[in-house]
Every structure is written in C-alpha cells, then in structure tokens.
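Trainee: Numbering (numbering that gives the first Met the number 0), first residue to last: 0 to 141. Built from N, CA and C at the ideal position, the CB exists for glycine as well. This is the structure I want to talk about, given as structure tokens.
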Amino acid sequence: MKKRQKNLLNSDGWFRSGDVGYLDEDGFLFIKDRIKDIVIRGGENIACLEIEAVLAEHPQFQKLCFGVPDERLGESLATRIALKSGKTATEAEISSFLEEKIAKFKIPSYMWFQEEELPRIASGKTAKKQMREEAIKELGLE
Numbered sequence: 000m001k002k003r004q005k006n007l008l009n010s011d012g013w014f015r016s017g018d019v020g021y022l023d024e025d026g027f028l029f030i031k032d033r034i035k036d037i038v039i040r041g042g043e044n045i046a047c048l049e050i051e052a053v054l055a056e057h058p059q060f061q062k063l064c065f066g067v068p069d070e071r072l073g074e075s076l077a078t079r080i081a082l083k084s085g086k087t088a089t090e091a092e093i094s095s096f097l098e099e100k101i102a103k104f105k106i107p108s109y110m111w112f113q114e115e116e117l118p119r120i121a122s123g124k125t126a127k128k129q130m131r132e133e134a135i136k137e138l139g140l141e
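Written as structure tokens, this is what we have:
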C-alpha cells in the first residue's frame, strides 16, 4: 500500500475522514467538527479558503470564514470581518458582492463586523477556532 494511502487508515483499519464526531446511544454518527477547514452544508463541501479568497477581493476589510453547527444542514458558514479604518459594510452589501462571484449556497449565513484586527494565535495565524467557538456561543448553538 502506498504511504499516502496508509495514512488514511489507522492501526485498526478505520478510515481517517478528517471529521470529528461521536456515535449516540442508537449508533448514529454525528459530525461535530472538521480537522480540515471544509464546511459541509446540506451535503455540499465548501472550502473556507475559497470564500476567504473571494472576500479578499473586497477592498474594505480583512476576513475570516468558518463553519458553525446547523440543525437542518449540518453546518452553515459564518464570517468575521475586520473593517479597515473608516470603512463600513453591511451583510446585504457583502452578500451582493459574493453573489456575483460564487454559488449562493456558499454565501455565509452569519456575518460579524468589527473595527479592530482579527485576533491571532502565537504563530501569527488568525484565531479561527476561538472565533468559531465565540460565534457558536453567541448564536446559542452549543
């Protein structure tokens, strides 16, 4: 077996899907998080990096995209946008901007705007996990 294929299976032969979840008492599997940064929304795979790349074309802000739980669809997209000094934006404006560039199902369902820079972790990367957890709490999706 090729090395790359071996890495897809653990020592017990289970496939490593990149998903984090649990089995309930009836044996149903629930996916709760992703190891990779892909959101599965109603069966559609959406790469957060794709959405972030399109948002980066907008001149008024820094951006970050992440998934949040959704009872009906499994996950929904959310974004936090740090506006550049003196700039403003609305959800409608951002949605309209995105509709011209990507499929409608890829447009984030939730958007937050802030004036300060997006928080970062020690490595300098954007603190996506922290902001995702804050969004889940704020939306009451815990």
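Cutting at 8 Å between CB atoms, please list the residues of its own chain near Arg-71, excluding the five before and the five after it.
Mentor: Excluding residues within five positions, the ones whose Cβ falls inside 8 Å are Gly-41.
Trainee: Just confirm the distance between the C-beta atoms of Glu-116 and Ala-91, as a whole number of angstroms; I'd bet it's less than 8 Å.
Mentor: In fact, because the Cβ distance is near 24 Å, the residues do not count as touching under 8 Å.
Trainee: If distances are taken between C-alpha atoms only, which option among Lys-83, Lys-124 and Cys-64 comes closest to Tyr-109?
Mentor: Checking every option, the nearest Cα to that of Tyr-109 belongs to Cys-64.
Trainee: Taking the continuous beta strand (DSSP E) assigned at Gln-61, which residues delimit it?
Mentor: Per DSSP, Gln-61 belongs to the beta strand (DSSP E) from 60 to 69.
Trainee: If we call anything under 7 Å between Cβ atoms a contact, is Val-53 one with Ile-101?
Mentor: For Val-53 and Ile-101, yes; Cβs fall inside 7 Å.
Trainee: Helix, strand or coil: how does DSSP classify Leu-145 here?
Mentor: Lying before the first or after the last residue shown, residue 145 is absent from the chain, which here runs from 0 to 141.
Trainee: What does the alpha-carbon distance come out to for the pair Asp-69 and Asn-6?
Mentor: Rounded to whole angstroms, Asp-69 to Asn-6 spans 30 Å at the Cα level.
Trainee: If the criterion is Cβ atoms closer than 7 Å, does the pair Gln-59 and Lys-86 meet it?
Mentor: Contact: yes.
Trainee: Which residue's Cα is closest to the Cα of Ala-77: Asn-9, Leu-138 and Ser-10?
Mentor: Of Asn-9, Leu-138 and Ser-10, the residue nearest in Cα terms is Leu-138.
Trainee: Could you give the residue range of the beta strand (DSSP E) that holds Phe-96?
Mentor: Element bounds for Phe-96: not the beta strand (DSSP E) but the alpha helix (DSSP H), 90 to 98.
Trainee: Counting only the same chain and skipping the five closest in sequence on each side, list residues whose C-beta sits under 8 Å from that of Phe-29.
Mentor: Gly-20, Tyr-21, Leu-22 and Asp-23.
Trainee: On the three-state DSSP scale, how would you describe Leu-72?
Mentor: Coil, per DSSP.
Trainee: List in chain order: all unbroken alpha helix (DSSP H) runs of 4+ residues lying wholly within the segment 9 to 54.
Mentor: As far as the segment 9 to 54 is concerned, its whole alpha helix (DSSP H) runs of at least 4 residues are 47 to 54.
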